[in-house]
Amino acid sequence: MSSSIIIGSDHAGFELKEKIRTRLISEGYTIEDAGPFNESSVNYVDYANKVALAVSEARFSKGILVCGSGIGMSMAANRFKGVRAALCADLLSARLSRQHNNANILALGGRLIGDVLAFELVKTFLETQFEEGRHLERIQSMDC
11 MSSSIIIGSD HAGFELKEKI RTRLISEGYT IEDAGPFNES SVNYVDYANK
61 VALAVSEARF SKGILVCGSG IGMSMAANRF KGVRAALCAD LLSARLSRQH
111 NNANILALGG RLIGDVLAFE LVKTFLETQF EEGRHLERIQ SMDC
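Everything in the sequence shown is counted per the numbering used here, starting at 11 for the first residue and increasing by one.
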């Protein structure tokens, strides 16, 4: 499985996606941009599907999705086998989504959180390890 990160958004999350992508590249991460590539109105499901499919097929170990609220992206992504997308707006949720739930996609609401919090959420999500143990059995029971 690749350690690269795939990122996508819709038009409402485009600006924040671009800031996150640029920041992660400057910090040495390898980023695949699934689009969109401008702020024209798009269907969020199309981009959630691109990112979730890539994570589901293990082409990427983690993904980041940004839309206006993060809700639609997380719902669309979670339809894919093996995907555990977590909508996070606070650091504890970002940390626990990784430690206890082994989340592999972080969903963010571009209209609801600021840049500083978004960067902190991404950093927490990417740097927190899954604890396994009792959580592993629970995670395995999610996949149908």
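Built from N, CA and C at the ideal position, the CB exists for glycine as well. Bear in mind that the values here come from a model prediction, so they are computed numbers and not experimental data.
- In the assembly as shown, K72 is a buried residue. Its beta-carbon has 16 or more other beta-carbons within 10 Å.
- In this structure, L63 keeps its C-beta atom at 8 Å or more from the C-beta atom of S19.
- Residue state for L122 is assigned as coil, using DSSP reduced to three classes.
- Between the alpha carbons of T134 and G38 lies a gap of roughly 16 Å.
- Secondary structure note for E42: its beta strand (DSSP E) is the uninterrupted segment I41 to D43.
- From the listed residues S107, S50 and A87, the smallest Cα separation to I16 is found for A87.
- Cβ-Cβ distances below 8 Å link E42 to S14, I15, I16, I17, A64 and F70 in the same chain, with the five nearest sequence neighbours on each side left out; the list follows chain order.
- Residue burial annotation: V132 is buried, with at least 16 other C-beta atoms found within 10 angstroms of its C-beta.
- Per DSSP, A62 lies in no beta strand (DSSP E); the unbroken alpha helix (DSSP H) holding it starts and ends at Y54 to S66.
- Contact check between the segment 53-60 and the segment 77-85: three or more CB pairs, one atom from each, fall below 8 Å, which counts as touching.
- Take T40, set aside five residues on each side of it, and the residues of its chain with a beta-carbon closer than 6 Å to its own are S14, in chain order.
- Around the beta carbon of R31, a 10 Å sphere encloses 16 or more other beta carbons of the protein chains shown; the residue is thus reported as buried.
- Shown here for I35: same chain residues with a beta carbon closer than 7 Å to its own, the five before and five after excluded, namely I41 in chain order.
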